[in-house]
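Colleague: Heads up: the sequence lines are chains A, B and C, in that order.
Adding 27 to a residue's 1-based position in the first sequence gives its number in our numbering.
Adding 2 to a residue's 1-based position in the second sequence gives its number in our numbering.
Adding 50 to a residue's 1-based position in the third sequence gives its number in our numbering.
Beta carbons: idealized from backbone N, C-alpha and C, even for Gly.
These numbers were taken from a predicted model, which means no experiment stands behind them.
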Amino acid sequence: MNNRIKFIIGSVVIILAVIVLAVQGMQEDTSMSYSKTVSELKLLGDRARAMNLKISGDLKKGSIVRNNMDLDFVITEGNSELQIHYIGSDPIPDTFNNEMDAEVVVSGKLVDGGVFNAERIQAKCASKYEADYSSN
Amino acid sequence: MSILAYLLGASLLVWSMMPLFKKDSSWISLYMELEELEDRKQRVYGNIADLEFDYAMGRLSESDFTEVRQSFMNDAGRVIQKLEEQRSADLEERVKQDIKNIGKKSGSKKIKHQFCGKCGSENSLDAKFCTKCGEGLS
Amino acid sequence: MADLGNVLLYSLFPLSIYTTLVALAAGITKRQGLLVAARRGAYSVFAVTTLSVLSLVYLLVTSDFSIEYVASNTNQSLPLFYKIVALWAGHNGSLLLWTWIITIFVGIVAYQNRHKNNDLMPYVIFVMAGTTVFFSVLNVFISNPFDTLYQDLGNTLQEFAVQDGRGLNPLLQHPAMIIHPPVLFIGYVGTVVPFAFAIAALITGKLGAGWIHTTRRWALTTWGFLAAGIVLGGKWAYVELGWGGYWAWDPVENASLLPWLTATAYLHSVMIQERKGMLKVWNMALVIATYLLAVFGTFLTRSGIVSSVHAFANSGLGPAFAVFLTTATLFSVGLLLYRRKDLKPDEEMQSLVSRESGFLFNNLLFLLATIAVLWGTLFPVISELFTGDQITVGPPWFNNIMIPIGLALLLLTGVGPLLAWRHTSTETLKRSFGWPILGSFIFVLVLLGFGVNDGWAIGSFAISFFVTWTIVVEFIKGAGVRRKNSGENFFKALYMLSRKNTRRYGGYIIHLAIVLMFMGFTGNAFNSETRAEVGEGDTFTLDSYSFKTLAINSAETENYSSQSLELEMSKKGKVVDTLHPERRYYFASEQPSTEVDIYSTMREDIYIVLSGASNDGEKVIVQVYRNPFVKFVWIGAWLLVFGTLFAMVPNLRESKAGGQA
Chain A
28 MNNRIKFIIG SVVIILAVIV LAVQGMQEDT SMSYSKTVSE LKLLGDRARA MNLKISGDLK
88 KGSIVRNNMD LDFVITEGNS ELQIHYIGSD PIPDTFNNEM DAEVVVSGKL VDGGVFNAER
148 IQAKCASKYE ADYSSN
Chain B
3 MSILAYLLGA SLLVWSMMPL FKKDSSWISL YMELEELEDR KQRVYGNIAD LEFDYAMGRL
63 SESDFTEVRQ SFMNDAGRVI QKLEEQRSAD LEERVKQDIK NIGKKSGSKK IKHQFCGKCG
123 SENSLDAKFC TKCGEGLS
Chain C
51 MADLGNVLLY SLFPLSIYTT LVALAAGITK RQGLLVAARR GAYSVFAVTT LSVLSLVYLL
111 VTSDFSIEYV ASNTNQSLPL FYKIVALWAG HNGSLLLWTW IITIFVGIVA YQNRHKNNDL
171 MPYVIFVMAG TTVFFSVLNV FISNPFDTLY QDLGNTLQEF AVQDGRGLNP LLQHPAMIIH
231 PPVLFIGYVG TVVPFAFAIA ALITGKLGAG WIHTTRRWAL TTWGFLAAGI VLGGKWAYVE
291 LGWGGYWAWD PVENASLLPW LTATAYLHSV MIQERKGMLK VWNMALVIAT YLLAVFGTFL
351 TRSGIVSSVH AFANSGLGPA FAVFLTTATL FSVGLLLYRR KDLKPDEEMQ SLVSRESGFL
411 FNNLLFLLAT IAVLWGTLFP VISELFTGDQ ITVGPPWFNN IMIPIGLALL LLTGVGPLLA
471 WRHTSTETLK RSFGWPILGS FIFVLVLLGF GVNDGWAIGS FAISFFVTWT IVVEFIKGAG
531 VRRKNSGENF FKALYMLSRK NTRRYGGYII HLAIVLMFMG FTGNAFNSET RAEVGEGDTF
591 TLDSYSFKTL AINSAETENY SSQSLELEMS KKGKVVDTLH PERRYYFASE QPSTEVDIYS
651 TMREDIYIVL SGASNDGEKV IVQVYRNPFV KFVWIGAWLL VFGTLFAMVP NLRESKAGGQ
711 A
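1) Can you list the residues of chain B that W150/C reaches, using a CB-CB cut of under 9 Å?
2) Which of the three DSSP states is assigned to L459/C in this structure?
3) Got a sec: is the Cβ-Cβ distance from A458/C to anything in chain A below 9 Å?
4) Is the separation between the beta-carbon of I102/A and that of N125/A shorter than 9 Å?
5) Taking C-beta pairs closer than 8 Å, name the residues in chain C that R61/B reaches, listed in chain order.
6) Kindly indicate if chain B contains any beta-carbon less than 9 Å away from that of N168/C.
7) Determine the direct distance from the alpha carbon of I67/C to that of L58/C, and round the result to whole angstroms.
8) Give a yes or no on whether 9 Å exceeds the smallest Cβ distance from D439/C to chain A.
9) To test your reading of the DSSP string, which unbroken beta strand (DSSP E) runs of 3 or more residues are found completely within the region 179 to 245 of chain C?
10) For R81/C, does the three-state DSSP call read helix, strand or coil?
11) Identify each residue in the region 12 to 23 of chain B for which the Cβ-Cβ distance to at least one residue of chain C is less than 7 Å, and report them in chain order.
12) Going by C-alpha distance, which of Q149/A, V45/A, L137/A, E146/A is nearest D73/A?
13) Nearest-angstrom Cα distance between L386/C and V331/C?
14) Quick one: what's got a C-beta closer than 7 Å to D77/B's C-beta in the same chain, skipping five residues either side?
15) Any idea what DSSP makes of F576/C, helix, strand or coil?
16) Skipping 5 residues on each side, what residues in its chain have a beta carbon closer than 6 Å to that of L702/C?
17) Could you tell me if K24/B is buried or exposed, where buried requires 16 or more neighbouring beta carbons within 10 angstroms of its beta carbon?
18) Does the separation of the CB atoms of S127/C and E608/C fall below 9 Å?
19) Out of curiosity, what's the CA-to-CA distance linking A601/C and I648/C?
20) Whose Cβ in chain C lies nearer than 8 Å to the Cβ of S27/B?
21) Less than 8 Å between the CB atoms is what I'm expecting for V111/C and K80/C, so what's the real figure, rounded?
22) Less than 8 Å between the CB atoms is what I'm expecting for G573/C and P700/C, so what's the real figure, rounded?
23) Per DSSP, what kind of secondary structure is R472/C in: helix, strand or coil?
24) Would you list the residues sitting across from H112/A in a DSSP beta bridge?
25) Can you tell me where the alpha helix (DSSP H) holding Q72/B begins and where it ends?
26) Assuming L459/C and N535/C are in contact, meaning their beta carbons sit under 8 Å apart, how far apart are those beta carbons, in whole angstroms?
27) Starting from the beta carbon of V45/A, find every residue of chain C whose beta carbon is closer than 9 Å, and list them in chain order.
28) What three-state label does DSSP hand E54/B in the structure shown?
29) Residues bridged to G172/A by DSSP?
30) Taking the CB atoms as reference points, tell me whether R581/C and V672/C lie closer together than 9 Å.
31) Leaving out the 5 sequence neighbours to the left and right, which residues in its chain are closer than 6 Å to Q641/C when beta-carbon positions are compared?
32) Relative to the C-alpha of L53/B, which residue among T520/C, H230/C, S475/C is closest?
33) What's the gap between the Cα of L48/A and the Cα of L415/C?
34) Taking Cβ positions only, does S66/C come closer than 9 Å to chain B?
35) I want to know whether the region 337 to 345 of chain C touches the region 370 to 386 of chain C - three or more CB-CB distances under 8 Å.
36) May I ask you to report which of helix, strand or coil DSSP gives E130/A?
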């Protein structure tokens, strides 16, 4: 029985350590992001500024403006619109253009002026069932 | 083209069902106690081999080694003895069954057969040893 | 031909139902005829699926664009090789590949056991055929690759054929991507074999080591294929996706990792059952969990319940999978609980300083890793259920947990060999551990001296050193012990030693491979990158490397148009190499792809991506990553495959009774 108890104590210690790591990981800003649609984002109001966000919506045709490494566009969902400014460093697919029907998911943060700074963009062409992606 | 497929599917099904209509018999399950004892014997032998290797690799002191080895050898002795007892018990059981079956009709066109207690394969009734694994048959 | 394939596929459904029922009857009645019928059913199911697959390949190769799958995944100008391989490019085809592999395995297992295991085989076939039934339902009724294209003409639907197909996703046109699905699927499907035997053992009550012995090689092979499949996926992501890394804790990546984690745990804990008759319930649970996780993994990938760059979109399979998984789980767990009493341990653990305890902690860590990865992967679903917010956890969370667990496990691979079964004597402990620990400590000082200051990296390197030391000593000492008895020279002794116990020494080789891979992973702590907008003649630098743009070129082929960069790379004034990253745009599929160029040495990879062009086309945007030690990951993976193969070789038997582990 002595060994059993020793083993159980050892296991409990390890389990607790892992739990601590898990909880600690959740508290770090960089790990967690909230998924919202454009309209849900509006509802969050100011709270949204502090969160890492993944916003999904449809690309507004004709809204893409490219300027060398800069990229700006608008996504819509329902009646709401959101201005996106891409600040990431990964390549954007060529298919991300003003003619396509695309579902877009942008990851990043909301900044002053209601603009969303996107670090990553995932664009899915509505007609196909596999996603195009700008980055992983 | 699809007719070919229907034909193929149907003939495969028929081929698979054919064994259902032959007269046959059931197999005899390997005796569970025998299997368990065999397992234990393998385990003890493995333990002894491991122990000797661990000792040669310097993971055990001499006193630990001799002490544990002795207890393993005792285990082995006990298991082997039990195996012998079990085997002779099974032999008796088998003989009794066969005596009971002598009076019954055979029903099969084939020669009467028996199944090996170790590997389960079919042997003719008057075989003394299994043609597949060499185990002694009752 | 399409009809031929379609009808054959349809016939899989009744044939597999028949096989399942007959197998069950065989198990209940123990009649030989029924068992033979079940075996034949297994062979038939294999035959029918193989022919169906071959007809799909025929359709792909002859570019029959009236079939939707062919039109979506190939085009006329696609090279023949890729037309064949398009078999698993799309969802329907890859699901058919899954089913095909299941039927191949049920055929092999039925054949392998045609003269033995009569008690278990009916239920083995029952379980495997039952799985086939489920997948045939998916293949036939929900995701049929033989579906034809239809046009909506107002009142009617008319069949038609397109002129040319959409072509193969360019990301899939790469050697690693070609073999990644089949290799991974073989790993996934292979989990059904130990599972089927475990269920058979539970149903029949034959809970001895028999089912474990029979499935030992299957378990090892499955594990190996899963590992290879996972690494191939990483290699493909690294080379094709162009984000500079090979693992992102993406849900689909995690899905393949989960069964591998439990399978690894099983490979270790099964040795405790062999030696001490302990952990019988636990081993059963692991085998069951591995199978369920494999099916769950394929469910995750295809149901759209978590979003992922890899995932196929919602394909309507979700509910079917959910039903199947729930049924299988309830059935297996129920059986296990029912047989609990017969699975009592034969012995107890004697000491904490024993190999058993090492394996137990190993299993605990793998279990925690599995739970963590599962939790993180499903967190978006869980969080939405309980808080209404869909929250995703990213790589930092996963790394925070998995790096410590991984290092602890790595440490155990070094400690394990030093422990004896049952109990390690204290005097010997001091001796065995003393030297390697001292050596590792000195190694740490050396690293610090070289300016390495990342704590986790130092820990990882130190543990790698420790493990390598202990394993190498195991080989050398073992050879020495053998030489005393046989008088062979050192190398012969080494060879004979390993050949006589391939499981143990193959295992050590695999552990060394893991060490190499961990060193590769640790390189990530020292990554650096830069990004520049360059025209012809421009230069930029990254660490000790300098880059000069020699030329910016455009080209066009039948399949795609491309823009490429000639980049000269120098170090300390000497030209090292010229690299050619490229961006392509494929016409048929209207998809772009990046062709990265990688300058790879043992020390680091210089990884170059052409990310885009400036508006006027005069300049391009190029990203350069310096990734140390990446090569170690791939080399480690090769060594792992070798170790697995070695472990499967039967032990050499000598005239006197050979040793076994």
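Modeller: In terms of the structure at hand:
1) Residues of chain B with a Cβ closer than 9 Å to the Cβ of W150/C do not exist; the shortest Cβ-Cβ separation is about 16 Å.
2) Secondary structure at L459/C: helix, using DSSP grouped into helix, strand and coil.
3) Using a Cβ-Cβ cut-off of 9 Å, A458/C counts as an interface residue toward chain A, since at least one Cβ of chain A sits closer than that to its own.
4) No; because the gap between Cβ atoms is not below 9 Å, this pair is not in contact.
5) What R61/B touches in chain C, judged by beta-carbon distance under 8 Å, is L468, L469, A470, T474, S475, T478, S482, going in chain order.
6) At least one CB atom of chain B sits nearer than 9 Å to the CB of N168/C.
7) Approximately 15 Å, taken between the alpha carbons.
8) Answer yes: the Cβ-Cβ gap between D439/C and chain A drops below 9 Å somewhere.
9) Complete beta strand (DSSP E) runs here, min 3: 200 to 203, 206 to 209.
10) Strand.
11) Those residues of the region 12 to 23 of chain B that come within reach of chain C (Cβ to Cβ, closer than 7 Å) are L14, L15, W17, S18, M19, P21, L22.
12) Ranking Q149/A, V45/A, L137/A, E146/A by Cα distance to D73/A puts L137/A first.
13) Distance from the CA atom of L386/C to the CA atom of V331/C, rounded to whole angstroms, is 7 Å.
14) V46.
15) For F576/C, the secondary structure class from DSSP, reduced to helix, strand or coil, is helix.
16) Excluding residues within five positions, the ones whose Cβ falls inside 6 Å are R549, K550.
17) Around the beta-carbon of K24/B, fewer than 16 other beta-carbon atoms lie within 10 Å, marking it exposed.
18) Less than 9 Å divides the Cβ of S127/C from the Cβ of E608/C.
19) If you take the alpha carbons of A601/C and I648/C, they lie about 18 Å apart.
20) Here the neighbours are R81, Q82.
21) Wrong, their Cβ atoms sit about 47 Å apart, outside the cutoff.
22) Actually they are not in contact, since the Cβ atoms of G573/C and P700/C sit about 38 Å apart, beyond 8 Å.
23) It is coil, neither helix nor strand.
24) D99/A, N144/A, per the DSSP bridge assignment.
25) From DSSP, the alpha helix (DSSP H) with Q72/B extends over 64 to 104.
26) In fact, because the Cβ distance is near 34 Å, the residues do not count as touching under 8 Å.
27) Correct list: L415, L418, A419, I421, A422, I451, P454, I455.
28) Reduced to three states, the DSSP call for E54/B is helix.
29) Shown here, chain A extends from 28 to 163; a query on residue 172/A therefore has no answer.
30) The answer is yes: Cβ separation under 9 Å.
31) Within the same chain, Q641/C has close Cβ partners P220.
32) Taking only the C-alpha atoms, the option nearest L53/B is S475/C.
33) Take the alpha-carbon of L48/A and the one of L415/C: they are about 14 Å apart.
34) Put simply, the CB of S66/C is far from chain B, with every gap to its CB atoms at 9 Å or more.
35) Flag = yes, the region 337 to 345 of chain C and the region 370 to 386 of chain C touch.
36) Residue state for E130/A is assigned as strand, using DSSP reduced to three classes.
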